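Worksheet: the structure to be examined is printed underneath.
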Amino acid sequence: MNKALVSYASTGFFSKAVTDYIEGSEKLKPFYTYAPQLSSFPEIIKNRQQHPFYREELSNALIRQYEPFEQKDSVDAVKANIIRLKDASTFTIVTAHQPNLFLGPLYLIYKIISTINLARQLSETMTGYHFVPVYWMGSEDHDKEELNHIHLFGKTFSWNTDQQGAFGRMKTDSLALLIDEIKAVLGTAEEAVRCIGLLEMSYLKESSVAAATKRLLYHFFGADGLVIVDGDDHALKKLFIPVMKSELYEQFSFPIVNKSTGLFSESYTSQITPREINLFYLDDGIRNRIVKEGDTWNVLNTTHSFTADELQKLLLEQPEKFSPNVVLRPLYQELVLPNIAFIGGGAEITYWMQLKALFLSAGVAFPMLLLRNSAVWIDQANVTRMKKLNFSADIIFKPVDKLTDIFLQQQAGQSISLDEERKLLIEMMERTLERAIALDGSLKGAVEAEKVKMLKSMDALEEKLKKAVKRKEEGALQQLHVLKEKLFPANSLQERYDNFIAYYLKYGPGFIDSLKKNFDPMDQRFTLLMEE
88 MNKALVSYAS TGFFSKAVTD YIEGSEKLKP FYTYAPQLSS FPEIIKNRQQ
138 HPFYREELSN ALIRQYEPFE QKDSVDAVKA NIIRLKDAST FTIVTAHQPN
188 LFLGPLYLIY KIISTINLAR QLSETMTGYH FVPVYWMGSE DHDKEELNHI
238 HLFGKTFSWN TDQQGAFGRM KTDSLALLID EIKAVLGTAE EAVRCIGLLE
288 MSYLKESSVA AATKRLLYHF FGADGLVIVD GDDHALKKLF IPVMKSELYE
338 QFSFPIVNKS TGLFSESYTS QITPREINLF YLDDGIRNRI VKEGDTWNVL
388 NTTHSFTADE LQKLLLEQPE KFSPNVVLRP LYQELVLPNI AFIGGGAEIT
438 YWMQLKALFL SAGVAFPMLL LRNSAVWIDQ ANVTRMKKLN FSADIIFKPV
488 DKLTDIFLQQ QAGQSISLDE ERKLLIEMME RTLERAIALD GSLKGAVEAE
538 KVKMLKSMDA LEEKLKKAVK RKEEGALQQL HVLKEKLFPA NSLQERYDNF
588 IAYYLKYGPG FIDSLKKNFD PMDQRFTLLM EE
């Protein structure tokens, strides 16, 4: 693979907040603690050691979470990392995401590889420390419509289950039909059979979406020691009881985050809306907001209602029935883990910055925030298209109409824009207007009308010039549209739309290997990978 790097700002796909963060804008410095650079890590480790650790509790919870795996697979690298978490010299690098069906869009894989690569890089360069890559699985998320489908070869494959509540808890026994639909599209080639085998091994042999996701990710990243943490866990939630108690009885997070969000919104678009209580009630088939009404706490759209004493009893005995939302989930994650860096997408980095004040108030260490690696994968066919169109890697992010103009001008050998001629025409008509008004002020309207008419004629002429070149280059322009659709499906980045299956089908394990080889999360630039 050939690799090219461009700035995130030049792609047009990332918010001003993200690009300003990468560039070190002064406006954002109040919203984070550490600059995203290697030299920050010694200070982060020193400061993290001033906050509580729950190493034994975390390691024991993970040993229990991985017990079903030990009956089926050897997870030596993962097990070694879980045990190492008890050691005072071990820290984590974490990314987080929901368990999308069949891993969802590519960015989950990109997040995980960014995390693995940074953990490896730090382990190799920081003597005396070990760094564990962690995927925090947001299995409690209940946005089924966002999580229940994938895009593959121009089609959408959806799981239309009636199950409700936490997506990670949903049973997978009804997925056989959907996997058969995908099988019919993939065919019977060797990589297709292998790919379907992975889906069947994960989603038909495991009983829940969370377990299936864990199984599939272990296949790809178990040898890298990736530790998967499921936050839907009694022992881990127990550690979070003091924070949840403050939230339920004092609504402590709302004023802090509301103020921070207001300050952030003075310059950027906010990514979160805090609630008065930022917790859900979680049970089988249900994940609904908790609201306080008078002296009772009610679960919206249900008959569940609690007095103060009943709520405290439930919290102490069954903390797993409380689920943090987007405001408190990062706090839960960072309280549990001995973490020093969080790797996320643009929207995540933006909303994490709005939570720094909350972390300070709760006495929880705030990690370095790192934008995950992003990439456009350009296969041989599209590399060939780019060469024929004479397009360099740095211009392919432009809209189709802009690329069309660039291509047509290249083919015409000169600019087909009449902007210069328009400028001359306007100057000429301005002089004419001055002379006409000097002779007779009533001529002003006639001259201005003539100016409008002539400019419209020039617009029409410019369009005719474009059409003349377009007729000669019709085939090439069709290829331009194909190129844009392949590299930016649905006018988005591949990583936000495509599923891994299409790439695994073509490249097999080499797809993952290429990403591992080429991703460097400390190089905060966008990656273009071009097949040789």
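The sequence shown lines up with residues 88 to 619 when you count with the numbering used here. Just so you know, even glycine gets a beta-carbon here, dropped at the ideal spot from N, CA and C. Every value quoted in this text rests on a predicted model; they were computed, and no experiment measured them.
ask   = Would you call the stretch 133 to 143 and the stretch 451 to 471 touching, i.e. three or more CB-CB distances under 8 Å?
value = Three or more pairs of CB atoms, one per stretch, sit closer than 8 Å, so the stretch 133 to 143 contacts the stretch 451 to 471.
message = Rounding to the nearest angstrom, what Cα-Cα distance links Asp311 and His236 in this structure?
response = Going by the C-alpha atoms only, they are around 28 Å apart.
ask   = Going by DSSP, what residues sit across from Lys90 in a beta bridge?
value = Note: Lys90 is bridge-paired with Leu616 in the DSSP secondary-structure output.
query = What is the residue span of the beta strand (DSSP E) that Asn567 lies within?
reply = Here residue 567 is Leu; the residue named in the question, Asn, does not match the sequence. From DSSP, Leu567 is part of no beta strand (DSSP E) but of the alpha helix (DSSP H) over 561 to 574.
inquiry  = Short of 8 Å in beta carbon distance, which residues of its chain neighbour Thr389, apart from the five on each side in sequence? Order them along the chain.
reply    = Tyr368, Ile373, Asn375
ask   = Which residue's Cα is closest to the Cα of Val413: Leu548, Asp466, Pro425, Ser340?
value = Ser340
query = Phe367 lies in the alpha helix (DSSP H); which residues open and close that run?
reply = Segment 366 to 370 is the beta strand (DSSP E) holding Phe367; no alpha helix (DSSP H) there.
key: Buried or exposed (CB count within 10 angstroms, at least 16 for buried), Thr98   = buried
query = Helix, strand or coil: how does DSSP classify Arg459 here?
reply = coil
request  = Could you have a look at Glu421 and say whether DSSP puts it in helix, strand or coil?
outcome  = helix
request  = Confirm, please, whether the CB-CB distance from Ala434 to Ile131 is below 9 Å.
outcome  = Cβ atoms of Ile131 and Ala434: not closer than 9 Å.
inquiry  = I believe Phe308 touches Met213 by the beta-carbon criterion, under 8 Å. Please report the beta-carbon distance rounded to the nearest angstrom.
reply    = Going by Cβ atoms, the distance from Phe308 to Met213 rounds to 22 Å, so no, they are not a contact pair.
inquiry  = Within the continuous alpha helix (DSSP H) that includes Pro186, where are the two ends?
reply    = First-last for Pro186: undefined, no H or E at that position.
task = Kindly indicate which residue of Asn204, Ala96, Asp174, Lys173 has the alpha-carbon position closest to the one of Met609.
result = Asn204
Met288 and Leu303 closer than 9 Å at C-beta = yes
ask   = What is the residue span of the alpha helix (DSSP H) that Gly433 lies within?
value = 433 to 440
task = Out of Gln358, Pro186, Ser201, His217, point me to the one whose CA is closest to Thr179's CA.
result = His217
ask   = With burial defined as no fewer than 16 other Cβ atoms inside 10 Å of the residue's Cβ, what is the status of Ala462: buried or exposed?
value = By the C-beta density criterion, Ala462 is buried, having at least 16 other C-beta atoms within 10 angstroms.
inquiry  = Please tell me whether Ile109 and Leu458 are closer than 9 Å, where the distance is taken between their beta carbons.
reply    = For the pair Ile109 and Leu458, the CB atoms are nearer than the 9 Å cut-off.
ask   = For Val296, which three-state DSSP category applies?
value = Looking at Val296 - three-state DSSP - the assignment turns out to be helix.
request  = Output the distance between the C-alpha atoms of Phe494 and Pro576, rounded to the nearest integer angstrom.
outcome  = Straight through space, the alpha carbons of Pro576 and Phe494 are spaced by roughly 21 Å.
Reduced DSSP secondary structure (H/G/I, E/B, other) of Arg362 = coil
message = So for Ile483, helix, strand or coil by DSSP?
response = Coil at Ile483, not helix or strand.
inquiry  = Do Leu115 and Val60 have their beta-carbon atoms positioned less than 9 Å apart in this structure?
reply    = This structure cannot settle anything about residue 60, because the visible part of the chain is limited to 88 through 619.
Exposure label - Lys324; buried when at least 16 CB within 10 Å = buried
query = Alpha carbon to alpha carbon, what distance is there between Lys531 and Arg522?
reply = Rounded to whole angstroms, the gap between the alpha carbons of Arg522 and Lys531 is 10 Å.
Reduced DSSP category for Thr275 - H, G, I as helix; E, B as strand; rest coil = coil
Touching by the beta-carbon criterion (3+ pairs, under 8 Å), the stretch 353 to 372 and the stretch 327 to 337 = yes
request  = Could you pull out every unbroken beta strand (DSSP E) segment of at least 3 residues lying fully inside the stretch 149 to 236, listed in chain order?
outcome  = 177 to 184, 217 to 224
task = Taking 9 Å as the cut-off, decide whether the C-beta atoms of Ala480 and Leu615 are in contact.
result = yes
ask   = When burial is assigned at 16 or more other CB atoms within 10 Å of the CB, is Ala589 buried or exposed?
value = buried
ask   = Since Pro411 is in the beta strand (DSSP E), which residue starts that stretch and which ends it?
value = Start and end: 409 to 411.
task = In the DSSP assignment, find the unbroken alpha helix (DSSP H) run with Arg135 in it and report its ends.
result = Note, Arg135: alpha helix (DSSP H), 128 to 135.
query = First and last residue of the alpha helix (DSSP H) that includes Val386?
reply = Element bounds for Val386: not the alpha helix (DSSP H) but the beta strand (DSSP E), 383 to 386.
inquiry  = Checking 9 Å against the spacing of the C-beta atoms, do Phe156 and Leu286 come in under that value?
reply    = no
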